Amino acid sequence: MDRREASQTSRRVKITVLVPLSDELRRLRRALKAIVPDALRSGSINLIQIGPGANAAWDVIAESLQTKSESNADHLVILAGCAGSLSPAADKSADALIVHEIRDADGSTIACPWARAVDPTGAWRILSSPSILSTAHEKAAAANRFQTDIVDQESAPFARALTTRPNQPWLIIRGISDRHDETLPREVSAFVDHTGRTKMSAVLWSLARNPALIPTLMRLAQRTERAMQDIARAIAQIHRNFSETRELFVSAVPRHVSPISAISHSAKPDLPAEAFIRTPPTALPPSVVRALRNEINNAGGSTARPALLVMGGSFDPFTLAHGAIAHAGFLALESRSEHADTSPSKPLGVLFIPAARSPHKAEGPAASADDRRRMIELSLEGEERFARIPWGVWTDEIDRAREHPGAPSYSVHTAERLRSTLDSNGLTNVRLRWIVGADQALALHRWHQPARFIELADPIVLLRPDTQHASSNTDWQAAADRLLSALQQTHAWDEEAMRSWSKRICPGPLLTISSTRVRELLHTLARPDHEVNSRAKHLAHSELATLIHPAVAEYIQKRGVYAGL
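Residue numbers (my numbering): 1 to 565.
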């Protein structure tokens, strides 16, 4: 193909490549510029940085890929970037990996029929994990449980978003950054921000306190460079052959057949739901029951229905951000109860439910159940803003896990049991409102029995504003509009359900839950002085003080809660 033919092809072809990280984008752009400069110049290959994590793909597709349905077949969308290896086969691959099957941590799988048009003999499977798998042990556990070759965080939401667009061809192309038997430094997760940009200050700080990281980071950089070159060659080949390949894309998917099918959660079958329901629920904290009854008795002629705000999570450990989010949810409901025209809910208290093992995660929490419960109590006992808000910790999930070790805890089961417990205490009129984040809201239609869960515990979505300054309601409303658009594109909710979702969204705090970062800092502080200098430890102490309550920090240190990490 000469330059003129290539230029004509470029005008006919539209390929959008979504890349999570700025470093990956820079390397991919440079590699493509050397191979297909005309395609980049003409815009027939368009690169977009989306940021890491599950929400990134939803947001970009909701905003940037609003092409008409009839033209979707002419527009190929590719998710590209580095991933972690879970198998020796992926370690040894000399080329970019064309993903044929995506397995989500919730127990579902999505096939990519268009992968056959590009790589007819391939069979690469990727796990879309809600968190980074950094250790060799975590990778081995995930590989055994999900039977996949590589792991990332963006593939499942990307694939689900694209399957909602009629006739839309899409691909996932990954390169390997870390091998299956390698452990990533804990600090790596803090090296990029939510947009995917590298935080050089964090990198330099980590290198200053631990120079031993330098060879590891150099190795990761070399692999990233090689991976993006391999991906660039694959994209260039697809671009050159798109006219022919597109016909294969069109015929690759049977009409009226959904690519989503169920897979098992693990090698061992989960216990049936009936086993969870039969186990007697844990009693509610007496202080919570008394507070709810007192609040109801003092409500007088209020028309607002009393509500108990629920916040579940691993709380590993419980951070100041957890408390801030719960407090923001309480204030949001309180404000709406005073101004709502219909069906207001007046919050009476907050119930924290530490999880056992989430069905969305390969492994359980690092801290023990008793330690996690105590850390919640210590943090809230020391918070002035919770002095006037009744709160308690309900340990039903972790108590149930002792009876049924290894079983995942589904929110719908917990909501069923909490509803039953409230009713048995004469609190039948108390409504449950369950705090979720934007990522959970987007995935809620894939939860176990989502309709039943919403019936039992109406969600309240606490949303961070689009900007870090949030100077006006406009910043928060922009984030809310984006979330509603993404929810609509899941095609899981009808018009009435979407109206309900619009009423569930409330402004949340700017703080980000950072339990992983807390564990990283604790690991730094626990290392010998000859490995970490005093300045680095001082900085770690200072940062830790902004993330957890001093009483929690003291408890962790005295008991050595995370000493084995």
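All residues carry an ideal CB built from backbone N, CA and C; glycine is no exception. Everything numeric in this text was worked out from a predicted model, so none of it was measured.
By the CB criterion at 8 Å, aspartate 396 and threonine 414 fall inside the cutoff. Proximity to isoleucine 435 across Ala443, Asp458, Thr224, Pro211 peaks at Asp458, based on C-alpha coordinates. Every unbroken stretch of the beta strand (DSSP E) spanning 3 or more residues and falling wholly within the stretch 123 to 200 is given here in chain order: 124 to 128, 150 to 152, 170 to 178. Residue environment analysis places lysine 33 among the exposed positions, since fewer than 16 neighbouring C-beta atoms fall within 10 angstroms of its C-beta.
Annotation for glutamine 49: no alpha helix (DSSP H) segment contains it, though the beta strand (DSSP E) segment containing it runs 45 to 49.
Buried is the label assigned to lysine 139, since at least 16 other Cβ atoms lie within 10 Å of its Cβ. Inter-segment contact for the stretch 441 to 453 and the stretch 300 to 319 is absent: fewer than three beta-carbon pairs are separated by less than 8 Å.
In the DSSP assignment, proline 347 is bridged to Ala307. Three or more beta-carbon pairs drawn from the stretch 325 to 334 and the stretch 501 to 515 are found closer than 8 Å, and the two stretches are therefore classed as touching. Look at threonine 109 here: in three-state DSSP terms it is strand. Distances from the CA of serine 485 to each of Ala161, Ile102, Cys112 were compared; the closest alpha carbon is that of Ala161. Taking 8 Å as the cut-off, the beta carbon of alanine 321 is found closer than this to the beta carbon of isoleucine 513. Look at valine 430 here: in three-state DSSP terms it is coil, with no helix or strand label.
Inclusion of leucine 204 and isoleucine 214 in the CB contact set at 8 Å is not warranted, their separation being larger than that value. Looking only at Glu520, Thr148, Ser345, the smallest Cα-Cα distance to asparagine 210 is reached by Glu520. The stretch 415 to 425 makes no contact with the stretch 372 to 385: fewer than 3 CB pairs, one atom from each, lie closer than 8 Å.
Listed as beta-bridge partners of serine 85 by DSSP are Ile150. Shown here, histidine 530 sits in coil according to DSSP, grouped into three states, outside any helix or strand. DSSP places isoleucine 102 inside the beta strand (DSSP E), whose first and last residues are 97 to 104. Proline 113 and glycine 175 have their C-alpha atoms roughly 20 Å apart. By the Cβ test, the stretch 127 to 139 is not in contact with the stretch 20 to 33, since fewer than three Cβ pairs between them sit closer than 8 Å. Each of Asn241, Ala497, Ala227 was checked against the Cα of alanine 96, and the nearest Cα belongs to Ala227. Assigned with DSSP and collapsed to three states, glycine 392 falls in strand.
Going by DSSP, leucine 442 is part of the alpha helix (DSSP H) stretching over 438 to 443. DSSP places valine 461 outside any alpha helix (DSSP H); the residue lies instead in the beta strand (DSSP E), whose first and last residues are 457 to 463. Val118 is the residue among Arg197, Val118, Glu182, Ser189 whose C-alpha sits nearest the C-alpha of proline 169. Shown here, isoleucine 398 sits in a helix according to DSSP, grouped into three states.
The beta carbons of lysine 14 and serine 44 sit closer together than 8 Å. Rounded to the nearest angstrom, the gap between the Cα atoms of alanine 307 and threonine 224 is 50 Å. Using a Cβ-Cβ distance cut-off of 8 Å, the stretch 536 to 551 and the stretch 363 to 379 are in contact, since at least three pairs of beta carbons, one from each stretch, lie closer than that value. In terms of CA proximity to leucine 184, Thr216 leads the group His194, Thr216, Leu171, Gly437. Valine 77 is bridged by DSSP to Thr16, Trp170. Put simply, the backbone Cα of asparagine 46 is about 29 Å away from that of aspartate 91.
If you draw a 10 Å sphere on the C-beta of glutamate 187, you find 16 or more other C-beta atoms in it, and that means buried. Close CB contacts of arginine 305 within its chain, under the 6 Å cut and outside five residues either way in sequence, are with Ser345, Arg431 (chain order).
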